[in-house]
Amino acid sequence: MSEKLNSKQLSKKITDEYMEDAFRAHENGKLIGYSTAISPVELFVAHDIVPIYPENHAVANLTAKKGAQLCSITENLGYTSHLCAYARSDLAYRESGITVTKGIPEPDLFLACNAQCFTLTKWFQVLARKGNLPVFVFDTPEYIMNKKAREEIVKYCVLQLKELIGFLEEVTKKRFDYDRLKEVMKYSAQSSILYKKFLDMAQYKPSPISIFDALIGMAIAVYRRGTPECVEYYQTLCDEIQEKVDQGIGVLPKEKEKYRLYWENLPVWFKFSDHAKLLGSYGGVILTSLYVHAWSFEFDLDKDPLVTLAENYVSRFSNSTIEDRVDMAMGYFKKYSMNGMIMFMNRSCKAVSFAVPTLKDILVKRTGIPALVFESDMGDQRFYAESQVRTRIEAYFETLDRLQADKPAA
Amino acid sequence: MWEDLSLKQIPEYAKDPYPSIRKWIKEKGKKAVGSTIADVPEEIIYAFDFLPVSLIGTDKPLKKAPSRLPDNACSLARSNLELALSYEGDLFDGFVLPQVCDTTQHLSDIWRISFPGKYVESYLAPRQVDRPSARYWVKEEIERLIASLSNWSGKSINDKALNDAIAITNENKRLLQEMYEIKKKNPGTITNKQFFSMVKLAMQVDKAEFNKTLKNIKASLKPKKGKNYTDVILVGITCDPPEVYDIFDEAKLNVIGDTLVTGSRYLQGIAPQNGNPVEALTERHMKNGFFSPIHDNVYKHFEEVKALYKATGAKAIIYVHIEFCESQEYDLPDLKKMIRQEGMPMHILDTEYQTVSLSHLRTRLQAFFESLKGGSL
């Protein structure tokens, strides 16, 4: 029946079923495992542990502009205002029950992978203390630019994945099924290829998708990878976008698409649609970021599943060196023909943001394209200065216009 | 240079060790390799005949670092970057930088890009310590650091050189431990500032020379008990600027235990001697005390603080918070709650490396101890 659904309907169906399964996990003899969005969740799926991502729940609340309210509650508990807004809104949800969704089920265990950030580890530790629950830290040393070191890092990560399997077996009192893992990996690999294909459609002119479509489209990759429905969703999505490409339908009409932009960092969730409209009014479309590509894995099914998992998770952009991040971004600049960049200094996300000034300098030098830098917070409106951001965006487009006007005719 | 310092000279050398390091390097014709805290095995750097220098911030103004690290980055990380960018960078031929938290995640990259002519290596200690893989990884990283330094310097080291470095470092730590014992029992003999300056200086200068100073001072000490001291323990990572210790000394607080990386956590790090030195340094790492960014046992910190408080019979706990240290900031509310539930009085000091005035810290600390005296003291 599901083949009749469009991607939006399919996404809703998958999400509803997933949350239904999550809320009934204990009735069905399953455990709830809280996980970081970037973590080898394939092991959870293969072991029938329902993965829940508090970050996703936080995004729902922050997008609905609940950030300031929720963050204030957490600050009253003694936490500082400069911690991650995901964490602050989640801790407030635990305290107050305030949410724009039906909430998320309570955890039985935690998996924190620091390839994404260290904040999640500390946030999960806070939650674990409340219920004296087990936390497994999957430690991924920075994927430094040294071939031999990388081989050793992967070995260390494989060792830890074996420890993680032992940990899961101990918690669930159930033997881990490696054949099941291979099956899960197959789905994960397929959906990752399709997800990447979807993101790469931004290379067409006019681009049929903007980063805002990518941010909506990535949700299923985050919480349902490793399942057949995830593959089905991305196949449907790719087919839909391909139709737009075939018909020449862009986010902006071809003649209005002047600036194809790169975005650095997570989005300002509560300004999601405002930013899309504002940029669009100047002929700008943000096409991509390293963040949305974080889930375009390239699993090698011919390898030991633990090795390909380790190789993929340790090499995410957030765990790569600044030089590697530059190379990744440069690849997209070229592939997507981008001619502008917005560098967001996100107070919430130190792991990504502290690299931004250095990253920006190198990218500007290598592309010759000026950058717009602005500082705010992805979820806490109190750190967002509307008029300042708007003025900077306007000034940036004026600069781009001027540069374009100064260009000698081809 | 550092073999014959008096007790009174130590705080001034510790406050700004760089003129003496600069002079020493010139005289000896050696290279200095800086590292940020924590857990870089300095013995390895020493065994290569370089001077290992722990970088512990500067109180000089920030000029260049804010353009690399925004104002919500850990105060120590910004201060260290400034120290190298604006003030003492020329002193160092290289840096070994550990990755422990989100602030330090890309610090090595930032330093490598900022200092293209210098040697910059990451030390990727595990951020979990309770599983066998952690030990495996520490050993791998120690071996990688040795290979990296060897590759950079064109030198190689043998077990003897590393064991000798371990022996000198261990002697240094034992001497400091002895000094600490004297200070704890006789607060009138060595002030808090003098003692913690000794530890800091030990992390920054040539230990073989500094050991002579420590022995001389120890031999010349005339234990003085002093009167009306209040025993406290110090909890945190670092305690800076050093004038904070002046406030403790003025208030007649006697620090009789601590968990500082620039204190007991450093002194406890005595590696086993005369065996395989890489194994010894690995073993030492696994036995290190709690350090918020790398320990995943959520109750370990509380248990350690509680045990220290009880064992020392301290009257209060002073928690030193470094501005924008995210790791501490996630731990602190629960730690505060658990400590208070145990009935242990705790005062939190918010510190910042570029602080110029400490009057607010002094006022708050005085108020805390006055209220404590009105109660249980």
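First to last, the protein sequences are chains A and B.
Numbered by my numbering, the letters in the first sequence go through residues 1 to 410 in order.
Numbered by my numbering, the letters in the second sequence go through residues 411 to 787 in order.
Every residue, glycine too, gets a C-beta built ideally from N, C-alpha and C.
Does any residue of chain B have a CB that is nearer than 8 Å to the CB of Val137/A?
Yes, contact with chain B.
Helix, strand or coil for Glu106/A per DSSP?
The answer is coil: DSSP assigns Glu106/A none of H, G, I, E or B.
Per DSSP, His757/B forms a beta bridge with which residues?
Note: His757/B sits in a beta bridge opposite Ile728/B.
Between which two residues does the beta strand (DSSP E) containing Gly504/B stretch?
That run of the beta strand (DSSP E) goes Phe502 to Pro508.
Can you confirm whether the segment 357-367 of chain A touches the segment 323-333 of chain A when touching is taken to mean that 3 or more C-beta pairs between the two stretches lie within less than 8 Å?
The segment 323-333 of chain A, when compared against the segment 357-367 of chain A, does touch it at the 8 Å Cβ threshold.
Along the segment 115-135 of chain A, what residues have a CB closer than 8 Å to any CB found in chain B?
Of all residues in the segment 115-135 of chain A, Cys117, Phe118, Thr119, Thr121, Lys122, Trp123, Gln125, Val126, Ala128, Arg129 and Val135 have a Cβ within less than 8 Å of some Cβ in chain B.
When the cut-off is 8 Å and only beta carbons count, does Ala405/A lie next to chain B?
No - not a single Cβ of chain B is within 8 Å of the one on Ala405/A.
Name, in chain order, the residues that DSSP records as bridge partners for Leu465/B.
Thr446/B, per the DSSP bridge assignment.
Taking DSSP's pairing of strands, which residues face Pro51/A in a bridge?
Pro51/A is bridged to Gly33/A.
Hey, out of Phe272/A, Phe176/A and Lys102/A, whose CA is closest to Leu62/A's CA?
If we check each option's Cα against that of Leu62/A, Phe272/A comes out closest.
For Ser39/A, return the contacting residues in chain B, with the cut-off set at a CB-CB distance below 8 Å.
Within 8 Å Cβ-Cβ: nothing; Ser39/A doesn't reach chain B, min ~14 Å.
CB-CB under 8 Å to Val245/A, same chain, minus the five flanking residues each way: which ones, in chain order?
Taken in chain order, the residues that qualify are Met201, Tyr204 and Pro208.
So, at 7 Å on beta carbons, what are the nonlocal neighbours of Trp547/B in its own chain, with the 5 sequence-adjacent residues on each side left out?
Pro536, listed in sequence order.
Can you pull the chain A residues whose beta carbon is under 9 Å from the beta carbon of Leu793/B, in chain order?
No statement about residue 793/B is possible, as the shown extent of chain B runs from 411 to 787 and does not include it.
Put Ser566/B into one of helix, strand or coil per three-state DSSP.
Correct three-state label for Ser566/B: coil.
Residues of chain A with CB closer than 8 Å to the CB of Ser737/B, please, in chain order.
Result: Phe118 and Lys122.
Please work out which residues of its chain come closer than 8 Å, Cβ to Cβ, to Tyr187/A, disregarding the five sequence neighbours upstream and downstream, and give them in chain order.
Closer than 8 Å at Cβ, skipping near neighbours: Arg225, Gly226, Thr227, Pro228, Cys230 and Val231.
Grouping DSSP H, G and I as helix and E and B as strand, with all else coil, what is Phe333/A?
Phe333/A falls in the helix class under three-state DSSP.
Could you tell me which uninterrupted beta strand (DSSP E) segments, each at least 3 residues in length, are contained entirely in the segment 305-355 of chain A, listed from first to last along the chain?
Listed in chain order, they are 340-346.
Provide the residue span of the alpha helix (DSSP H) that contains Phe734/B, from first to last.
Note, Phe734/B: premise wrong, no alpha helix (DSSP H); not H, not E.
Tell me which residues share the same chain as Ser81/A and place their Cβ nearer than 6 Å to its Cβ, disregarding the 5 neighbours each side in the sequence.
Closer than 6 Å at the Cβ level, and outside the excluded window around Ser81/A, lie Glu75.
Using a cut-off of 9 Å between C-beta atoms, extract the partners of Ile322/A located in chain B.
Correct list: His516, Asp519, Ile520, Arg522 and Ile523.
Closer than 7 Å between beta carbons: that is the criterion. Which residues of the segment 451-482 of chain B meet it against chain A?
So the list reads Ser477, Arg478, Leu479, Pro480 and Asn482, given in the order they occur along the chain.
Is there a Cβ from chain B that is less than 8 Å from the Cβ of Tyr427/A?
This structure cannot speak to residue 427/A, because chain A is shown only from 1 to 410.
For Thr513/B, go through chain A and note every residue whose CB falls closer than 8 Å to its CB, in chain order.
Here the neighbours are Lys350 and Phe354.
Excluding sequence positions up to five away, which residues of its chain have a Cβ less than 7 Å from the Cβ of Glu733/B?
Hits under 7 Å: Ser485, Asp760, Thr761 and Glu762.
What does the alpha-carbon distance come out to for the pair Asp48/A and Asp16/A?
Spanning the two alpha carbons is a distance of roughly 18 Å.
By the three-class DSSP mapping on this structure, what secondary structure does Ser875/B have?
A question about residue 875/B goes unanswered here, because the residues of chain B that appear run from 411 up to 787.
Note down, in chain order, every chain B residue with its Cβ under 8 Å from the Cβ of Glu375/A.
The answer, in chain order, is Pro480.
Which partner residues does Ala112/A have in the DSSP bridge list?
According to DSSP, Ala112/A bridges with Val137/A.
Give the residues of chain A in contact with Phe734/B, contact being defined as C-beta atoms less than 7 Å apart.
Per Cβ cutoff of 7 Å: His82.
Measuring only between beta-carbons, confirm whether Phe343/A sits less than 8 Å from chain B.
Looking at the sequence itself, residue 343/A is Met, so the reference to Phe does not match. No, because no Cβ of chain B sits closer than 8 Å to the Cβ of Met343/A.
Pull the bridge partners of Gln183/A from the DSSP assignment, please.
Note on identity: in this sequence residue 183/A is Glu, with Gln being the wrong assignment. Its beta-bridge partners do not exist; DSSP assigns none.
Run down chain B in chain order and give the residues with a C-beta less than 9 Å from the C-beta of Thr358/A.
Within chain B, the residues near Thr358/A are Arg478, His516, Asp519, Ile520, Ile523 and Ser524.
What does the Cβ neighbour count give for Thr140/A, buried or exposed, with the cut at 16 atoms within 10 Å?
Buried is the call here.
Taking all protein chains shown into account, do 16 or more other C-beta atoms lie within 10 angstroms of the C-beta of Val100/A, making it buried, or fewer, making it exposed?
Label assigned to Val100/A: exposed.
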